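Taking this note's numbering, I'd label the letters of the sequence shown as residues 21 to 386.
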Amino acid sequence: MNKFAFIIHPIEIADIYRKFPLLEKLPVNLVEKTFKYLPPMKVSVIEGVKSPWGEVQGFFIACPLTTRQLLTLPEEVSIKKIIEAVKVAEKLGAQVVGLGAMTSVVGDGGITIAKNSNIPVTTGNSYTVASAIDATLKAAALMDIDISNANVAVLGATGSVGSVVARLIARKCKSLMLVARNNERLSKLARIVMYESGIALEVSCESRKVLCKADIIISVTSSMDTVINPEDLKPGAVVCDVARPRDVSLAVQKLRKDVLVIEGGVIKVPGPVNFNFNFGFPPGLAYACMAETMILALESKWECFSLGRELSIAGVEEIKTLATKHNFQLAGMRSFEKTLTNGQISRIKNEVIMKREKEYNIVASI
Ligand SMILES: NC(=O)c1ccc[n+]([C@@H]2O[C@H](COP(=O)([O-])OP(=O)(O)OC[C@H]3O[C@@H](n4cnc5c(N)ncnc54)[C@H](OP(=O)(O)O)[C@@H]3O)[C@@H](O)[C@H]2O)c1
């Protein structure tokens, strides 16, 4: 049977405490420092990934660094630890390895890791792009937003996921806003998007200024902290939060009952899959980046499919076709770690109507 491995890591310190509750009594710095010296290890065997074309077995390998450590330790320290995790995967007989969450972001987006590996490495970002766009379009339709008439913003637009999301969504929407912190990289991307689509485009390093104009936001930053707050959003907006850790603050859930926030990149895996490890999803669901690694193993496609910060549209289209072939599907909508119900969508729509009526009455009374 073909074998794959997927590297995971604690997104935040709470993930470590959940697994080892006794450590909660110790200071965060001490726990992180101790974990830094632990070797990466296999945490579970993934069974039952079965498509009409075959079955594969996988392994979750834990890299013991938190998001904060991966992004703030010297790059070579983080990369060395991830390479050690890849070596664990090799020893277990994995024929392809996927990089989860920040292990795919740190440094050059997996290129150095792949150079130091004897098996192909993928960030899983091509399938993440495909599923983020599909989920966004589905959510927009549920909110009765006509994408061809919508203003869309991509936050984290110059990244590996964000840049291809921007190029693809530009084919469908009315206008596009590209947001990140580095203006030079934004301008370079804007030239490409404009050349390919001819769409009305705005670039900005100040997310607050543009997000409030967006009907739809796809958020894919590599920020350690949340970057979308309640006051940033337009009533009725749809936000697809692909980032891990999340970009949308929990305050949005509490204070903005008139917006729809969905998780991007949630996939239903074919077969009686058992991950033997709880990463917060209901049974049978996985992140798109995990799913891409499974698809490559099912297809015996032993290549570094998604690597670095310049992915191709052709790659996104190819992995989407292979996903369909192997029965991987977009999962039902999830919002703030829970399944989104039709009742919730109706309540959001009602809230938007009430807000608009209120605004109309205020204007009419002036
Ligand atoms: N759900 C899934 O299945 C899945 C799969 C893959 C990746 N992801 C997640 O997707 C996210 C992006 O991954 P990636 O590989 O595309 O990362 P990346 O290549 O490093 O891109 C990150 C982007 O975010 C921007 N950025 C960083 N901090 C920002 C901030 N505070 N405000 C605004 N923009 C900011 C960066 O540009 P500047 O530096 O110029 O700001 C860049 O455009 C990560 O959170 C990753 O974990 C999720």
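C-beta: ideal position from N, C-alpha, C; glycine also.
These numbers were taken from a predicted model, which means no experiment stands behind them.
So the candidates are the options; which of them puts its Cα closest to the Cα of residue i?
i: residue 310; options: 80, 61, 53 and 46; result: 80
i: residue 363; options: 265, 190, 199 and 280; result: 280
i: residue 147; options: 233, 137 and 184; result: 184
i: residue 91; options: 75, 264 and 157; result: 264
i: residue 240; options: 249, 258, 250 and 267; result: 267
i: residue 105; options: 48, 49 and 25; result: 25
i: residue 259; options: 245, 233 and 244; result: 233
i: residue 253; options: 34, 229 and 244; result: 229
i: residue 193; options: 370, 199, 220 and 113; result: 220
i: residue 344; options: 269, 151, 188 and 326; result: 151
i: residue 277; options: 369, 63, 174 and 376; result: 369
i: residue 216; options: 226, 188 and 126; result: 188
i: residue 255; options: 243, 377 and 145; result: 377
i: residue 244; options: 159, 125 and 315; result: 125
i: residue 93; options: 45, 122 and 201; result: 122
i: residue 135; options: 327, 384 and 374; result: 327
i: residue 149; options: 335, 204 and 66; result: 335
i: residue 109; options: 88, 137 and 175; result: 137
Compute the Euclidean distance between the alpha carbons of residue i and residue j, then round it to the nearest angstrom.
i: residue 271; j: residue 141; result: 36 Å
i: residue 97; j: residue 84; result: 12 Å
i: residue 117; j: residue 27; result: 7 Å
i: residue 360; j: residue 195; result: 28 Å
i: residue 313; j: residue 340; result: 13 Å
i: residue 223; j: residue 237; result: 14 Å
i: residue 275; j: residue 330; result: 37 Å
i: residue 337; j: residue 372; result: 35 Å
i: residue 247; j: residue 21; result: 43 Å
i: residue 303; j: residue 386; result: 54 Å
i: residue 358; j: residue 301; result: 9 Å
i: residue 53; j: residue 120; result: 21 Å
i: residue 466; j: residue 32; result: Residue 466 lies beyond the stretch modelled for the chain, which goes from 21 to 386, so this question has no answer here.
i: residue 218; j: residue 333; result: 17 Å
i: residue 353; j: residue 155; result: 8 Å
i: residue 191; j: residue 157; result: 13 Å
i: residue 197; j: residue 206; result: 10 Å
i: residue 49; j: residue 37; result: 13 Å
i: residue 291; j: residue 249; result: 38 Å
i: residue 102; j: residue 199; result: 29 Å
i: residue 305; j: residue 73; result: 19 Å
i: residue 299; j: residue 173; result: 29 Å
i: residue 41; j: residue 55; result: 15 Å
i: residue 269; j: residue 356; result: 10 Å
i: residue 293; j: residue 114; result: 18 Å
i: residue 18; j: residue 70; result: The first residue shown for the chain is 21 and the last is 386, placing residue 18 beyond what the model contains.
i: residue 201; j: residue 68; result: 42 Å
i: residue 133; j: residue 169; result: 42 Å
For residue i, is the beta carbon positioned less than 8 Å from some heavy atom of ligand 1?
i: residue 388; result: In this structure the chain extends from 21 to 386, so residue 388 is not present and cannot be described.
i: residue 178; result: yes
i: residue 241; result: yes
i: residue 200; result: yes
i: residue 309; result: yes
i: residue 205; result: yes
i: residue 182; result: yes
i: residue 265; result: yes
i: residue 170; result: no
i: residue 175; result: yes
i: residue 329; result: yes
i: residue 124; result: yes
i: residue 352; result: no
i: residue 227; result: yes
i: residue 284; result: yes
i: residue 247; result: yes
i: residue 262; result: yes
i: residue 121; result: yes
i: residue 86; result: no
i: residue 148; result: yes
i: residue 335; result: no
i: residue 74; result: no
i: residue 129; result: yes
Tell me, please, whether the CB atom of residue i is closer than 9 Å to any CB atom in chain D?
i: residue 129; result: This model lacks chain D altogether; it includes just one protein chain.
Answer yes or no: the CB of residue i versus the heavy atoms of ligand 3, is any distance below 8 Å?
i: residue 324; result: As for ligand 3, it is missing from this structure, which binds only ligand 1.
Open item on the list: As an exercise, report each continuous alpha helix (DSSP H) stretch of at least 4 residues that is fully enclosed by the stretch 275-342, in chain order.
Closed with: 308-318
Open item on the list: Within 8 Å, do at least three Cβ pairs link the stretch 166-180 to the stretch 348-355?
Closed with: no
Open item on the list: Contact between the stretch 162-177 and the stretch 132-150 is defined here as three or more beta-carbon pairs at a separation below 8 Å; is this criterion met?
Closed with: no
Open item on the list: At 4 residues or longer, what runs of the alpha helix (DSSP H) sit wholly inside the stretch 42-66?
Closed with: 48-56
- [ ] Evaluate contact between the stretch 50-60 and the stretch 278-294, counting only Cβ atoms and requiring at least three cross-stretch pairs below 8 Å.
- [x] no
Open item on the list: When you compare the stretch 316-325 with the stretch 88-103, are there three or more beta-carbon pairs, one atom per stretch, that lie closer than 8 Å?
Closed with: no
Open item on the list: Restricting to runs no shorter than 3 residues, where is the beta strand (DSSP E) found entirely within the stretch 185-210?
Closed with: 195-199
Task: Complete runs of the beta strand (DSSP E) confined to the stretch 66-140 [at least 3 residues] - done: 74-82 and 116-119
Open item on the list: Please give me, in chain order, every unbroken run of the beta strand (DSSP E) with length at least 3 that falls completely inside the stretch 216-278.
Closed with: 220-224, 236-239 and 258-261
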